[in-house]
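Asks: This note's numbering applies: residue 62 is where the sequence shown begins, and numbers increase by one. Ideal placement from N, C-alpha and C gives every residue a C-beta, glycine not left out.
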Amino acid sequence: MTAGTHIRWTVPVVVETIGAWLLAILWVSPLLYALWAAFHGGAYAIHFDLFAPLTLDNFREALSQAPFLRYGLNTFILVTMLLAAQLVVCTLAAYAFARYRFAGADIAFALVLVQLMITPEILIVENYATLADLGLVDTIVGIGLPYMASAFGIFLLRQAFKSTPKELEEAARLEGCGTFGILWRVYVPLARPTYLAYGLVSISHHWNNFLWPLVITNSVETRPLTVGLGVFGAPESGVDWSIISAATLLSVAPLMVAFLLFQRQFIQSFMHAGIK
62 MTAGTHIRWT VPVVVETIGA WLLAILWVSP LLYALWAAFH GGAYAIHFDL FAPLTLDNFR
122 EALSQAPFLR YGLNTFILVT MLLAAQLVVC TLAAYAFARY RFAGADIAFA LVLVQLMITP
182 EILIVENYAT LADLGLVDTI VGIGLPYMAS AFGIFLLRQA FKSTPKELEE AARLEGCGTF
242 GILWRVYVPL ARPTYLAYGL VSISHHWNNF LWPLVITNSV ETRPLTVGLG VFGAPESGVD
302 WSIISAATLL SVAPLMVAFL LFQRQFIQSF MHAGIK
């Protein structure tokens with residue numbers, strides 16, 4: 062909006078603005094409650110008192126009752142391993158679909174797109190049986206293996222690669238670049254916003270994934286944060302909302318900090334990816 066431009070507060074604009082604020086408040090209210098309860102004693106968890114004393118005891122108690130640092134390390138290893146594998150697999154597959162014509166290419170790509178319509182929960186039993194045969198149950202590799210070939214990533218990068226002018230590829234070939242040189246020096250740099258957008262989606266999804274890690278893990282050494290938090294907050298272990306809220310903040314803090322630090326880059330990457 063340029064200087065001197067004024068918003069016309071018509072009825073539709075007012076309704077949309079009020080609706081947007083209501084949705085924003087509704088969306089952020091659980092986080093606001095978690096922030097309040099985590100920094101106050103149990104007596105103030107459900108009683109709002111502006112002058113209630115602040116405390117960090119809930120975080121110390123949460124860390125003493127469950128190995129959240131270990132859970133955090135497991136989650137970091139999982140999302141890093143998954144993202145690295147997805148970027149390699151999706152890049153190679155997307156480049157093949159975007160620039161090579163081979164027998165059955167359309168059928169193969171259609172089969173990739175079919176994966177977008179199948180929810181992962183449908184394949185839990187088959188995936189578990191396969192990983193049991195491979196001896197990968199209760200391993201971090203076992204958690205990530207079913208997700209290393211992402212249909213969404215292949216589709217997104219294929220669209221980005223198809224929008225790259227072929228003249229750039231031809232110029233790179235004249236300079237002596239081979240297939241992988243062209244991919245690395247031409248296609249990957251031009252698709253950087255798409256890579257960033259996909260990376261954010263992948264990290265967020267697998268950081269918060271719960272059902273499959275719950276099924277495939279049995280020990281502290283492999284549990285990610287979501288499963289560890291679910292076990293920690295189970296009713297049979299007693300419910301203290303202040304401590305549970307502190308544990309929840311420990312689980313989501315890395316994503317929140319990353320978003321606050323890089324929110325401008327996040328928004329720009331999604332805008333560029335959407336434009337392409």
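Return the Cβ separation of Ala146 and Leu177 in integer angstroms, given the expectation that the two are a contact with Cβ distance under 8 Å.
Replies: 19 Å between Cβ atoms; not a contact.
Asks: Identify the continuous alpha helix (DSSP H) that holds His339 and give its terminal residues.
Replies: Residue 339 lies beyond the range of the chain shown here (62 to 337); nothing can be said about it.
Asks: Residues in the same chain with beta-carbon distance under 8 Å from Leu143, minus the five sequence neighbours each way, listed in chain order, please.
Replies: Excluding residues within five positions, the ones whose Cβ falls inside 8 Å are Gly205, Tyr208, Met209, Ser263, His267.
Asks: From Leu286 to Phe320, what distance separates their C-alpha atoms?
Replies: Cα to Cα, the separation comes out at about 18 Å.
Asks: Smallest Cα separation from Pro254: which of Val173, Ile328, Ser90, Pro91?
Replies: The shortest C-alpha separation from Pro254 is found at Ile328.
Asks: Grouping DSSP H, G and I as helix and E and B as strand, with all else coil, what is Gly237?
Replies: Coil.
Asks: Could you tell me the alpha carbon to alpha carbon distance between Gly133 and Ala233, rounded to whole angstroms?
Replies: Taking the straight line from one Cα to the other gives about 43 Å.
Asks: Suppose the cutoff is 7 Å on Cβ atoms and the five residues either side in sequence are ignored; what does the same chain contact list for Glu122 look like?
Replies: Within the same chain, Glu122 has close Cβ partners Ile304.
Asks: Does DSSP put Arg162 in a helix, in a strand, or in coil?
Replies: Looking at Arg162 - three-state DSSP - the assignment turns out to be coil, as it is neither helix nor strand.
Asks: Just how far apart, CA to CA, sit Val292 and Thr152?
Replies: The straight-line gap from Cα to Cα measures roughly 37 Å.
Asks: Round the Cβ separation of Ala308 and Phe129 to the nearest angstrom and send it over; I've been treating them as touching at under 8 Å.
Replies: Contact flag correct, Cβ pair sits at about 6 Å.
Asks: From Leu251 to Ile183, what distance separates their C-alpha atoms?
Replies: Taking the straight line from one Cα to the other gives about 36 Å.
Asks: Taking its Cβ as the centre, do 16 or more other Cβ atoms sit within 10 Å of Leu310, making it buried, or is it exposed?
Replies: By the neighbour-count rule (16 or more Cβ atoms within 10 Å), Leu310 is buried.
Asks: Expressed to the nearest angstrom, what Euclidean distance is found between the alpha-carbon atoms of Thr180 and Val173?
Replies: Near 13 Å, if we compare the C-alpha coordinates of Val173 and Thr180.
Asks: Compare the Cα-Cα distances from Leu272 to each of Leu117, Leu229, Tyr189, Ile86 and report the closest residue.
Replies: Taking only the C-alpha atoms, the option nearest Leu272 is Tyr189.
Asks: Within the continuous alpha helix (DSSP H) that includes Ser125, where are the two ends?
Replies: Residues 118-126.
Asks: Identify whether Ala188 lies in helix, strand or coil by the three-state DSSP scheme.
Replies: One point to set straight first is that residue 188 is Asn, not Ala, in the sequence displayed. In this structure, Asn188 counts as helix in the three-state DSSP scheme.
Asks: Count the other C-beta atoms from every protein chain shown that fall within 10 angstroms of the C-beta of Tyr161, then say buried if there are 16 or more, exposed otherwise.
Replies: With fewer than 16 Cβ atoms within 10 Å of its Cβ, Tyr161 is classed as exposed.
Asks: Given that a residue counts as buried once 16 or more other Cβ atoms are within 10 Å of its Cβ, and exposed if not, what is Ser90?
Replies: Under this definition Ser90 is an exposed residue.
Asks: With Glu182 as the anchor, note down where its alpha helix (DSSP H) starts and where it stops.
Replies: Neither: Glu182 is in no alpha helix (DSSP H) and is coded neither H nor E.
Asks: Taking the alpha helix (DSSP H) that Trp275 falls in, what are its first and last residues?
Replies: Sequence check: residue 275 is Leu here, not Trp. Its alpha helix (DSSP H) spans residues 272-277.
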